[in-house]
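Participant:
Residue numbers (the numbering used here): 1 to 297.
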């Protein structure tokens, strides 16, 4: 989920003019009634922050500020602790692993349930969305047509295949995929994190297996085939609002829960297409999503 950097600077410039300088620290949230929404330096996170802001305003919140990008999860957690942020969009699987590195939960229900238990005091997560943006292994159609449709199908073939993905992939998944599926790739190459380098390498045949993301429009547009993770190696990554406890009232909580209920993986993929490929204004994208889903207030 760390991509679309090419359009990020334009978005930051837009949000700077609309909402003040996103690199400046936020005001104290909660006590003054100000709701400060943060986001990571990822286009999808920026879009979700704008959608949250619009939903909160529609619910009657009068002082809502979007302050992206705020940095990595360590920075976000600290900002929520000191109330310089009120809420951020996050991903259940990665968030659980941040608070519990030894978790074995993989399904949506198990990950969300454990996450609620493991959150430190002062934090809460609201309802998770059906939408996920999780890791996928994808291949070209030729390999899929030869009988490789699942991770279990892939396992015996890994020794003849070159994999491409983010630099941290080996540390996170090399031993896991070997243990679960007997997969040891011929070579693991660092390309990028679900971005154009990985896509180009898979398209050209330089690599035969790639790590992409479930909301990536490049999968369908290039005719790539996602493989079924039939033993659930990758944990669920449902979209979820992470909140500094006590900074939102009941009506505001309901507004964000309504956003989550409306957000499917298909809709999230479409939002990413509008942002990264069609280059639409992120504020317009957010407003349209809220309007189309009856969430404008």
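By construction, the Cβ of each residue, glycine as well, lies at the ideal position given by its N, Cα and C atoms.
Taking the alpha-carbon positions, what's the residue 82 to residue 122 distance?
Facilitator: 10 angstroms
Participant: Hey, out of 245, 216, 224, 287, whose CA is closest to residue 131's CA?
Facilitator: Distance check between residue 131 and each of 245, 216, 224, 287 places 216 closest, using alpha-carbon atoms only.
Participant: Could you tell me whether the region 196-204 touches the region 71-88, using the rule of 3 or more Cβ pairs below 8 angstroms?
Facilitator: Verdict: no, contact absent.
Participant: Could you check which residue in 106, 102, 153 has the C-alpha nearest to that of residue 91?
Facilitator: Taking only the C-alpha atoms, the option nearest residue 91 is 106.
Participant: Between the alpha carbons of residue 222 and residue 203, how many angstroms are there, rounded?
Facilitator: Cα to Cα, the separation comes out at about 7 angstroms.
Participant: Among the candidates 214, 115, 219, whose CA atom is the shortest distance from the CA of residue 140?
Facilitator: 219
Participant: Using the DSSP secondary-structure output, state which residues sit across from residue 210 in a beta bridge.
Facilitator: Residue 210 is bridged to 138, 164.
Participant: How would you label residue 129, buried or exposed, when you count the other beta carbons within 10 angstroms and need 16 or more for buried?
Facilitator: Under this definition residue 129 is a buried residue.
Participant: Whole angstroms are fine: how far does the CA of residue 267 sit from the CA of residue 154?
Facilitator: C-alpha of residue 154 to C-alpha of residue 267: approximately 29 angstroms in a straight line.
Participant: Whole angstroms are fine: how far does the CA of residue 296 sit from the CA of residue 287?
Facilitator: 8 angstroms
Participant: Name the DSSP bridge partner or partners of residue 150?
Facilitator: 228
Participant: Taking the alpha-carbon positions, what's the residue 114 to residue 281 distance?
Facilitator: 36 angstroms
Participant: By how many angstroms is the C-alpha of residue 167 removed from the C-alpha of residue 177?
Facilitator: 16 angstroms
Participant: Please report the distance separating the alpha-carbon of residue 260 from that of residue 284.
Facilitator: 19 angstroms
Participant: Just the C-alpha distance for residue 88 and residue 56, rounded to the nearest angstrom, thanks.
Facilitator: 13 angstroms
Participant: Where do the N-terminal and C-terminal ends of the alpha helix (DSSP H) with residue 47 fall, by residue?
Facilitator: Residues 43-58.
Participant: Go through its chain and collect everything with a Cβ distance to residue 271's Cβ below 7 angstroms, but skip five positions before and after it.
Facilitator: Here the set comprises 47, 285, 289.
Participant: Figure out for me which residue from 76, 206, 179, 243 has the closest Cα to the Cα of residue 35.
Facilitator: 243
Participant: At what residues does the beta strand (DSSP E) containing residue 189 begin and finish?
Facilitator: Start and end: 187-190.
Participant: Going by alpha carbons, who is nearest to residue 169 out of 136, 86, 157?
Facilitator: 136
Participant: Whose CA, out of 52, 42, 39, 44, lies closest to the CA of residue 291?
Facilitator: 52
Participant: For the candidate residues 161, 228, 44, whose alpha-carbon lies nearest to that of residue 208?
Facilitator: 161
Participant: Please report the straight-line C-alpha distance between residue 65 and residue 142, rounded to a whole angstrom.
Facilitator: 48 angstroms
Participant: Look at the alpha carbon of residue 245 and the alpha carbon of residue 85, and state the distance between them as a whole number of angstroms.
Facilitator: 11 angstroms
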